[in-house]
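**Q** After the structure tokens below, expect a handful of questions from me.
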Amino acid sequence: EAEVAQSPRYKITEKSQAVAFWCDPISGHATLYWYRQILGQGPELLVQFQDESVVDDSQLPKDRFSAERLKGVDSTLKIQPAELGDSAMYLCASSPRPSRNTEAFFGQGTRLTVV
Amino acid sequence: GDSVTQMEGPVTLSEEAFLTINCTYTATGYPSLFWYVQYPGEGLQLLLKATKADDKGSNKGFEATYRKETTSFHLEKGSVQVSDSAVYFCALTPTGNQFYFGTGTSLTVIP
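The listed protein sequences derive, respectively, from chains A and B.
All letters in the first sequence, in the order written, are residues 1 to 115 by the numbering used here.
All letters in the second sequence, in the order written, are residues 116 to 226 by the numbering used here.
Have a look at this one:
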């Protein structure tokens with residue numbers, strides 16, 4: 001069964017350091033999402049790609065976060081510099097095309113701890 | 116704007132008890148509705164979905180019916196098992212272009 005792949009699963013980094021997460025969506029999925037999930041809360045959208053284009057990054061803290069999906073396939077989310085408040089689970093999801101009949105498929109996430 | 120409201124947890128039940136987790140939504144138009152489940156340290160997995168009013172989604176003994184008149188999508192299971200212990204998220208998408216999640220309801224089932 002096809003899955004969304006994320007790495008690393010866990011990351012511990014020091015405050016002010018740079019950190020990057022990688023996501024490989026299900027093959028053929030044009031839409032890719034990055035969500036942040038703070039412990040005890042629901043996922044919140046950071047950025048959404050349609051193919052290689054950003055369609056929504058309104059909630060992405062652009063002073064420190066960046067995301068790219070250069071060839072419209074895999075994607076990288078970067079934080080520089082990391083802050084203590086960035087500790088969270090970062091979830092990648094994908095879907096074939098925007099359709100109200102299709103769910104988002106999630107990866108296992110990257111648990112980030114900033115110390 | 117579009118949003119989902121879930122009953123707050125945590126919920127603790129004995130094995131074989133009946134489960135209901137309430138979910139109501141606010142949306143323009145006719146959204147699709149979902150229940151996702153998250154096991155500790157894992158990502159979200161789709162549990163069930165419904166794409167139009169009066170549809171019933173079902174999977175693994177869980178059911179939810181899309182009620183437009185009450186803007187609700189309550190999750191039910193007749194007899195829970197220890198393995199059902201997880202966090203459950205209600206979600207909606209108005210157009211498929213954006214997903215909105217509730218805050219999650221933690222369920223613990225004790226033997």
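In this text, a Cβ means the ideal position worked out from N, Cα and C, and glycines have one as well.
Below 8 Å, can you find three or more Cβ-Cβ pairs linking the region 103-113 of chain A to the region 116-129 of chain B?
**A** Output reads no: the region 116-129 of chain B does not touch the region 103-113 of chain A.
**Q** Compute the beta-carbon to beta-carbon distance between LEU45 of chain A and GLN59 of chain A, rounded to the nearest angstrom, for a pair I have assumed lies under 8 Å.
**A** About 6 Å separates the two Cβ atoms, so the contact holds.
**Q** Comparing the C-beta of ASN212 of chain B with each C-beta of chain A, is any distance below 8 Å?
**A** Yes, ASN212 of chain B counts as interfacial toward chain A.
**Q** Give the DSSP-derived three-state secondary structure of SER198 of chain B in the structure shown.
**A** In the structure shown, SER198 of chain B sits in a helix (DSSP, three-state: H, G or I).
**Q** Just list the beta strand (DSSP E) runs in the region 76-107 of chain A, keeping only unbroken ones of 3 residues or longer that don't cross its boundaries, in chain order.
**A** Those beta strand (DSSP E) runs which fall completely within the region 76-107 of chain A and span 3+ residues are 88-95.
**Q** How many whole angstroms separate the CB atoms of ALA206 of chain B and VAL119 of chain B, which I take to be in contact at a CB cut-off of 8 Å?
**A** Contact holds; Cβ gap of about 6 Å.
**Q** Check whether the Cβ of GLU238 of chain B lies closer than 8 Å to any Cβ atom in chain A.
**A** Nothing can be reported for residue 238 of chain B: it is not among the residues displayed for chain B, which extend from 116 to 226.
**Q** PRO8 of chain A to THR185 of chain B, Cα distance in whole Å?
**A** Cα-Cα distance, rounded: 42 Å.
**Q** Please say whether THR31 of chain A and SER75 of chain A have beta carbons closer to each other than 8 Å?
**A** No, these two residues do not count as a Cβ contact at 8 Å.
**Q** Does GLN17 of chain A come out as helix, strand or coil in the three-state DSSP assignment?
**A** Residue state, collapsed to three classes: coil.
**Q** Counting only Cβ pairs nearer than 9 Å, list the residues of chain A close to GLY217 of chain B.
**A** Simply GLY42.
**Q** For chain B, find out if any of its Cβ atoms is closer than 8 Å to the Cβ of ILE106 of chain A; answer yes or no.
**A** Here residue 106 of chain A is Phe; the residue named in the question, Ile, does not match the sequence. Yes, PHE106 of chain A counts as interfacial toward chain B.
**Q** Fully enclosed by the region 15-59 of chain A, which beta strand (DSSP E) runs are 3 residues long or longer?
**A** Correct list: 19-24, 31-37, 44-50, 53-56.
**Q** Does the distance from the C-beta atom of ALA168 of chain B to that of PHE188 of chain B stay below 8 Å?
**A** Contact: no.
**Q** Is it buried or exposed for PRO43 of chain A, if we count other Cβ within 10 angstroms and need 16 for buried?
**A** Classification of PRO43 of chain A: buried, given that the 10 Å Cβ count is 16 or more.
**Q** Please decide whether PHE188 of chain B counts as near chain A, where near means a Cβ-Cβ distance under 8 Å.
**A** False, the Cβ-Cβ gap to chain A never drops below 8 Å.
**Q** Counting only the same chain and skipping the five closest in sequence on each side, list residues whose C-beta sits under 7 Å from that of LEU84 of chain A.
**A** Contacts found: LYS15, VAL114.
**Q** If distances are taken between C-alpha atoms only, which option among A:LEU70, A:LYS62, A:TYR33, A:PHE65 comes closest to ASN212 of chain B?
**A** Out of A:LEU70, A:LYS62, A:TYR33, A:PHE65, A:TYR33 has the C-alpha closest to the C-alpha of ASN212 of chain B.
**Q** Which residue wins for smallest C-alpha separation from CYS23 of chain A, given the options A:GLY72, A:ASP63, A:ARG97, A:ILE38?
**A** Ranking the options by Cα distance to CYS23 of chain A, first place goes to A:GLY72.
**Q** Classify GLY156 of chain B as buried or exposed, calling it buried when 16 or more other Cβ atoms lie within 10 Å of its own Cβ.
**A** Burial call: exposed.
**Q** Can you tell me whether GLN6 of chain A is helix, strand or coil according to DSSP?
**A** Correct three-state label for GLN6 of chain A: strand.
**Q** For a test of the three-state rule: what should DSSP assign to GLN213 of chain B, helix, strand or coil?
**A** Coil, per DSSP.
**Q** Give me the chain C residues within the contact set of PHE204 of chain B, using Cβ-Cβ distance strictly less than 8 Å, ordered along the chain.
**A** As a matter of chain content, chain C is missing from the structure shown, whose protein chains are A and B.
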